[in-house]
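S.K.: This is the structure I want to talk about, given as structure tokens.
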Amino acid sequence: MTISPVAVTDRASFVLAANPGIMTLDGTNTWILREPGATHAVVVDPGPSDETHLQAVLAAAGEVGLVLFTHRHFDHTEALGRIVELTGAPARSIDPEFTRGAEPLVDGETIDVDGLSIDVFATPGHTTDSACFLMGAERSLLSGDTILGRGTTVIAHPDGVLGAYLDSLAHIRELIEEGLVERILPGHGPVIDQPAEVVDFYLDHRAERLDQVRAAVDAGATTPREVVQRVYQDVDESLWGAAELSVAAQLDYLRQPNFGA
């Protein structure tokens with residue numbers, strides 16, 4: 029079976045992994061970035077350990093100069109060892125566990141690969157090691173799971189932290205307001221061409237959920253499961269396990285000073 033990359037911009041295309049699910053939507057988007065006319069590419073989130081997917085990525089990428097990871101979750105990192113073996117390219121992430129001897133990414137760092145400039149932004153919240161990557165030349169932000177192409181993301185407590193996540197969303201909103209981001213290239217789901225609207229929706233959604241969680245606690249709910257049963261009645265029960273993670277993060281947030289539940 030031939031898997032063709034999907035071109036999105038002059039510098040970005042993706043190969044969709046065959047790992048659809050309730051947490052991965054259509055599957056993991058493995059992004060291939062290259063400056064027009066350049067030889068070396070950057071691969072972002074090589075995805076699951078699927079040889080067919082990986083070979084499609086490498087066929088589209090050609091010579092790989094760098095592998096980047098937006099965060100540690102398995103659906104983004106499982107192919108790490110194999111892609112390093114096949115390409116010899118350094119692999120970098122905020123989490124040193126995934127750098128394979130390369131330097132960990134640093135917030136505010138600018139990376140240059142064969143003329144392609146990428147700015148690194150630490151955006152903790154979904155996980156503590158979440159990062160976004162900005163290609164300033166075309167105002168495209170690779171968001172990993174911090175912002176999805178459809179729906180909202182899970183705050184994967186205890187690794188995920190809601191306060192940090194809200195700060196990360198606010199930072200991305202500032203980048204949009206400053207004219208630095210015009211589109212978002214997510215780790216799952218379709219490309220976002222109205223980033224301000226989506227980030228505002230995310231912020232409003234989190235505020236609404238916090239109000240609902242406060243009300244559930246006031247009504248006697250004491251555990252994440254009890255809160256989910258009250259607050260997420262409109263959500264398919266197959267998603268309640270993920271919802272419990274986010275609720276645990278919200279309860280932890282509400283217990284912080286000035287947010288007493």
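Under the working numbering, read the sequence shown as residues 29 to 289, first letter to last.
Idealized CB from N, CA, C, for every residue including glycine.
Can you tell me the Cα-Cα spacing of residue 222 and residue 81, whole angstroms?
M.R.: 29 Å
S.K.: With 16 as the cutoff for other CB atoms within 10 Å, does residue 262 come out buried or exposed?
M.R.: exposed
S.K.: What are the complete beta strand (DSSP E) segments, minimum 3 residues, inside the region 208-280?
M.R.: 211-214
S.K.: For the alpha helix (DSSP H) holding residue 103, just list the boundary residues, first then last.
M.R.: Run containing residue 103: 102-105, per the alpha helix (DSSP H) assignment.
S.K.: Measuring straight from C-alpha to C-alpha, what distance separates residue 47 and residue 214?
M.R.: 15 Å
S.K.: Does DSSP put residue 117 in a helix, a strand or coil?
M.R.: Secondary structure of residue 117 (DSSP, three-state): coil.
S.K.: Within 10 angstroms of its Cβ, does residue 283 collect 16 or more other Cβ (buried), or is it exposed?
M.R.: Burial call: exposed.
S.K.: Run through the DSSP bridge pairs and tell me what residue 172 is partnered with.
M.R.: 214
S.K.: Where do the N-terminal and C-terminal ends of the alpha helix (DSSP H) with residue 85 fall, by residue?
M.R.: Its alpha helix (DSSP H) spans residues 79-89.
S.K.: For residue 68, write down the residues that DSSP places opposite it in a beta bridge.
M.R.: 91
S.K.: Measure from the alpha carbon of residue 197 to the alpha carbon of each residue in 273, 89 and 172, then state which is nearest.
M.R.: 172
S.K.: Could you spell out where the beta strand (DSSP E) holding residue 195 opens and where it closes?
M.R.: That residue, residue 195, is in no beta strand (DSSP E); its alpha helix (DSSP H) goes 190-205.
S.K.: For residue 42, name the three-state secondary structure that DSSP assigns.
M.R.: strand
S.K.: Tell me the residue span of the beta strand (DSSP E) that contains residue 51.
M.R.: Unbroken run through residue 51: none, as it is neither H nor E.
S.K.: Taking only three categories from DSSP, how would you classify residue 288?
M.R.: Caution is warranted here: a pLDDT of 46 is assigned to residue 288, below 50, making its placement in the model unreliable, and no coordinate value can be reported.
S.K.: Alpha carbon to alpha carbon, what distance is there between residue 181 and residue 289?
M.R.: Its pLDDT being 41, under 50, residue 289 is placed unreliably in this model, and the value from its coordinates should be taken loosely. Looking at the two C-alpha atoms, the distance is approximately 23 Å.
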